[in-house]
């Protein structure tokens, strides 16, 4: 992206409970630049309010315990902040990986 | 004694006798219960070199200190023996009402030795007025022979005229000694892996019915009750939401996206039909009802029904888990959910481990496509990936040892030894146990766990995958941290499986070891610290290994199938990623180092002494009353 773009376009892919509550497998979002964890959560909550309490904390500060973001199917993102680039895919999935 | 009874019921099917053997307090404290205590008892009661399907091999049902406390998810028991599939330790868990009845009827464990002359129902009943008095009956079970597991359980209850009996039984696969036959209880729950049902079948033991009255007492009942309320509340939080909503089926779509969904016999790690058999889709289209084990607040079970309801050819509904779904779906190239549901129902009814059944079939499908198995071998069945009818037909043949099913009933490793021509390279097993649904090339820490866990390729005894599904490691590469992570995960699972807590509760604890130690003390009255509990985990892991060493384990047994070490993944986000032998050996060396073992993976005497696992130390843990009669 160039320095004058005001937003970053990303795709949030939904799995499990969030997918059922959102009624969609993915959500396209425009996140204010520079995109961060907090801005992503806020944008996701605005577009999919049904995720509150089902992946997103009710106070829209972060993911609920038990959920995690994965970037582009590769790196799992910890509790810290992160930056995103145009075209990134964020996977919203349960951190309970067993079964 | 609180939390325990300090004794085990030993039943000899050959002599039709029974006795109580005492279990000393040191053994109970050191090995806790469940898998841990079961490993200790197996080590003591299984003669070295015992033939797995011979009468000397004991079959153990083991309870735990938490059983009967009504703490959430604690209604579990362990089943152990020497595996006919691997020749090493076989340790499985099952759950629900049978766990409590086992403790009320047989004390801390039921140890079955010998073999009956004919089909037998072992009926054990306690006296309501004198709970220590039990009646053991060896009843003719000819009428049960050939019945499916569910029908067998129902028939036993009807015959005994008391639905309060709890029943463990085998299906036709156990009777036929299929090497990966399971033991079923409480309406379809399975002690699934390693061929426990074959051992039960080898003893001509078709079912065990238990009804007991021994009191289950805890040291601090008020404290346990209050703690239980708090834990139950936490068990309903976000940490278990996945299991409460979709159950383990939720893994399919995620694993596919992450390139970790084993497909067509591990040739690929993504499946084009994954969405069709995903938990989300099955929840929408095939869910009949939710269910759970006794005393469980999570309720992870999803009962699915096929659209044709079995089509008049057997059960069309089944309790579906991720492992059954992956093994009978993507691993065999099958994306029709009705076929997968019916296949899982067939396995449950025949009493077969769905993972080993699916993985052995996937091996056979690859053999067929390579021309190593022909129509002459399969009876005209086109055993190709994706052929649902062939899958269903061959599963039935496996469970009854008919035609090609007789070969496949031996498991993929043994079948590959017969077929030859390089087919061992795609027999996807470790130590003879078929691999679960975790692709090792894109989950490198789990690769180490699969290679080293004592019972063979297993996701329940090693949770090393948790690191891979987090920001702790790069799951696609290898580094020196994996040995310690894997050892710690095994020890953690050992404690979890010995207390016994459900694995799905693990993230509901604030501090697992601290809390569990406190609960143990509340229940038993014996002080135990978090560090003591960690030590128990290490001790149990080492004793499992010691059992295997005694039964012939060598360094060469800790490895992965050639496919995973020679072929990079072709599809998905992990396309091009492989796992070299050097990288695996590097991780294994780190694991042995973290364990304090030798470079060859053996346990030094100093480590055995440190963990009280020398022969003399193990001997001292036998009850002091002199009544214990170990072989």
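Residue numbers (my numbering), protein chains in the order written: chain A, 397 to 495; chain B, 4 to 634.
Built from N, CA and C at the ideal position, the CB exists for glycine as well.
- Within 8 angstroms (strictly less), CB to CB, does residue 631 of chain B reach chain A? Taking the first residue of the second chain as 1, we reach residue 631 of chain B at position 628. The pLDDT assigned to residue 631 of chain B is 41, lower than 50, so where the model puts this residue is not dependable, and the model offers no usable value.
- Give the straight-line distance between the Cα atoms of residue 606 of chain B and residue 427 of chain B, rounded to the nearest whole angstrom. As a working note, residue 606 of chain B is residue 603 in the second chain. As a working note, residue 427 of chain B is residue 424 in the second chain. Roughly 30 angstroms separates the two Cα atoms.
- Message: Could you tell me the alpha carbon to alpha carbon distance between residue 561 of chain B and residue 434 of chain B, rounded to whole angstroms?
- Response: Numbered from 1 along the second chain, position 558 holds the residue referred to as residue 561 of chain B. Numbered from 1 along the second chain, position 431 holds the residue referred to as residue 434 of chain B. Going from the Cα of residue 561 of chain B to the Cα of residue 434 of chain B covers about 8 angstroms.
- Cα-Cα, which of B/179, B/140, B/241 is closest to residue 163 of chain B? As a first step, residue 163 of chain B must be located in the second chain, where it is residue number 160. Here the closest residue by C-alpha is B/140.
- Task: Compare the C-beta of residue 479 of chain A with all C-beta atoms of chain B and state if any pair is closer than 8 angstroms.
- Result: Within the first chain, numbered from 1, the residue matching residue 479 of chain A stands at position 83. Not one chain B Cβ lies under 8 angstroms of residue 479 of chain A.
- Any C-beta of chain A under 8 angstroms from that of residue 261 of chain B: For this step, residue 261 of chain B is matched to residue 258 along the second chain. At least one chain A Cβ lies under 8 angstroms of residue 261 of chain B.
- Query: How many Å lie between residue 344 of chain B and residue 307 of chain B at the Cα?
  - Reply: Within the second chain, the letter at position 341 stands for residue 344 of chain B. Within the second chain, the letter at position 304 stands for residue 307 of chain B. Their backbone Cα atoms lie some 7 angstroms apart in a straight line.
- Message: When you compare the CB of residue 528 of chain A with every CB in chain B, is at least one pair closer than 8 angstroms?
- Response: What is shown of chain A runs 397 to 495, which leaves residue 528 of chain A out entirely.
- Query: In the region 414 to 441 of chain A, which residues sit with their C-beta less than 7 angstroms from some C-beta in chain B, listed in chain order?
  - Reply: 415, 416
- Message: Quick check on this structure: which residue in A/418, A/429, A/482, A/411 has the alpha carbon closest to the alpha carbon of residue 490 of chain A?
- Response: Walking along the first chain from the start, residue 490 of chain A turns up at place 94. For residue 490 of chain A, the nearest C-alpha among the options comes from A/411.
- DSSP puts residue 79 of chain B in a beta bridge; with which residues? Start at 1 with the first residue of the second chain, and residue 79 of chain B comes out as number 76. Note: residue 79 of chain B sits in a beta bridge opposite B/98.
- Using a C-beta cutoff of 8 angstroms, does residue 489 of chain A count as contacting chain B? As a working mapping, residue 489 of chain A is identified with position 93 in the first chain. Yes, residue 489 of chain A counts as interfacial toward chain B.
- Message: So that I know if they touch, is there some Cβ in chain B lying closer than 8 angstroms to that of residue 483 of chain A?
- Response: For this step, residue 483 of chain A is matched to residue 87 along the first chain. With 8 angstroms as the cut-off, residue 483 of chain A does not count as an interface residue toward chain B.
- Note down the Cα distance separating residue 126 of chain B from residue 50 of chain B, rounded to an integer number of angstroms. Start at 1 with the first residue of the second chain, and residue 126 of chain B comes out as number 123. Start at 1 with the first residue of the second chain, and residue 50 of chain B comes out as number 47. When rounded, the distance between both Cα atoms is 26 angstroms.
- Kindly indicate which three-state DSSP category residue 633 of chain B falls into: helix, strand or coil? One-based indexing of the second chain puts residue 633 of chain B at position 630. Low confidence applies here, because residue 633 of chain B scores a pLDDT of 40, under 50, leaving its location unreliable and the question unanswered by this model.
- Query: In its own chain, which residues sit with a C-beta less than 6 angstroms from the C-beta of residue 700 of chain B, not counting the 5 before and 5 after it?
  - Reply: Here chain B has residues from 4 to 634 only, and residue 700 of chain B is not among them.
- Message: Under DSSP, the alpha helix (DSSP H) around residue 558 of chain B begins and ends at which residues?
- Response: Within the second chain, residue 558 of chain B is the residue found at index 555, counting from 1. Run containing residue 558 of chain B: none; DSSP gives neither H nor E here.
- Message: Suppose you measure from the CA of residue 326 of chain B to the CA of residue 445 of chain A; what does that come to, to the nearest Å?
- Response: Mapped onto the second chain, residue 326 of chain B falls at position 323. Mapped onto the first chain, residue 445 of chain A falls at position 49. Taking the straight line from one Cα to the other gives about 33 angstroms.
- Helix or strand or just coil, what does DSSP make of residue 460 of chain B? Within the second chain, numbered from 1, the residue matching residue 460 of chain B stands at position 457. The answer is coil: DSSP assigns residue 460 of chain B none of H, G, I, E or B.
- Query: Hey, how far is the Cα of residue 480 of chain A from the Cα of residue 429 of chain A?
  - Reply: Residue 480 of chain A sits at position 84 when you count from the first residue of the first chain. Residue 429 of chain A sits at position 33 when you count from the first residue of the first chain. Whole-angstrom Cα-Cα distance: 9 angstroms.
- Task: Take residue 556 of chain B as the anchor and find which of B/40, B/16, B/52, B/10 has the nearest alpha-carbon.
- Result: For the purposes of this step, residue 556 of chain B is taken as the residue at position 553 of the second chain. Closest by alpha carbon: B/52.
- Message: Any beta carbon of chain A sitting closer than 8 angstroms to that of residue 466 of chain B?
- Response: Residue numbering aside, residue 466 of chain B sits at position 463 when the second chain is read from its first letter. Yes, because at least one Cβ of chain A sits closer than 8 angstroms to the Cβ of residue 466 of chain B.
- Query: CB-CB under 6 angstroms to residue 332 of chain B, same chain, minus the five flanking residues each way: which ones, in chain order?
  - Reply: As a position in the second chain, residue 332 of chain B is number 329, starting the count at 1. If we look at residue 332 of chain B and ignore the five residues flanking it on each side, its Cβ neighbours are 280, 343.
- Task: Decide if the region 142 to 156 of chain B is in contact with the region 112 to 131 of chain B; the criterion is three or more beta carbon pairs, one per stretch, under 8 angstroms apart.
- Result: yes
- Task: For the region 585 to 612 of chain B, enumerate the residues whose C-beta is nearer than 9 angstroms to any C-beta of chain D, in chain order.
- Result: The displayed structure is made up of protein chains A and B, and chain D is not among them.
- Whole-Å CB distance - residue 440 of chain B paired with residue 274 of chain B, under 8 angstroms assumed: Position 437 of the second chain, counted from the start, is the residue given in the question as residue 440 of chain B. Position 271 of the second chain, counted from the start, is the residue given in the question as residue 274 of chain B. Contact doesn't hold; Cβ gap of about 11 angstroms is too wide.
- Pairwise C-alpha distance: residue 359 of chain B and residue 46 of chain B: Position 43 of the second chain, counted from the first residue, corresponds to residue 46 of chain B. Position 356 of the second chain, counted from the first residue, corresponds to residue 359 of chain B. Roughly 25 angstroms between the two C-alpha positions.
- Message: Beta-carbon within less than 7 angstroms of residue 634 of chain B's beta-carbon, same chain only, minus the 5 sequence neighbours each way: which residues are those?
- Response: Stepping through the second chain from its first residue, residue 634 of chain B is reached at position 631. In this prediction, residue 634 of chain B has a pLDDT of 35, which is less than 50 and means its spatial position is unreliable; nothing more can be read from the coordinates.
- Starting from residue 428 of chain A, trace the beta strand (DSSP E) both ways and give me its first and last residue. Looking up residue 428 of chain A in the first chain gives position 32. 422 to 428 is the extent of the beta strand (DSSP E) around residue 428 of chain A.
- To which residues of the same chain is residue 256 of chain B closer than 8 angstroms at the C-beta, ignoring the five residues directly before and after it? Stepping through the second chain from its first residue, residue 256 of chain B is reached at position 253. Closer than 8 angstroms at the Cβ level, and outside the excluded window around residue 256 of chain B, lie 277, 278, 281, 282, 283.
- Query: Taking just the CA atoms, how far does residue 335 of chain B sit from residue 368 of chain B?
  - Reply: On the second chain, position 365 is the one that residue 368 of chain B refers to. On the second chain, position 332 is the one that residue 335 of chain B refers to. Each residue's Cα considered, the two are about 8 angstroms apart.
- Contact list for the region 220 to 248 of chain B against chain A, Cβ threshold 8 angstroms: 240, 241, 242, 243, 244, 245, 246, 248
- Query: Could one say the Cβ of residue 540 of chain B lies closer than 8 angstroms to chain A's Cβ atoms, at least one of them?
  - Reply: The residue you call residue 540 of chain B lines up with position 537 of the second chain. Residue 540 of chain B does not count as touching chain A.
- Query: Just to confirm, are residue 479 of chain B and residue 590 of chain B a CB contact at a threshold of 8 angstroms?
  - Reply: Locating residue 479 of chain B in the second chain gives position 476, where the first residue counts as 1. Locating residue 590 of chain B in the second chain gives position 587, where the first residue counts as 1. Going by C-beta atoms, residue 479 of chain B is not nearer than 8 angstroms to residue 590 of chain B.
- Item | Bridge partner(s) assigned by DSSP for residue 355 of chain B | Locating residue 355 of chain B in the second chain gives position 352, counting from the first residue. Answer by DSSP bridge pairing, in chain order: B/184.
- Task: Check whether the region 167 to 184 of chain B touches the region 225 to 238 of chain B, counting contact only when three or more Cβ pairs, one atom from each stretch, lie closer than 8 angstroms.
- Result: no
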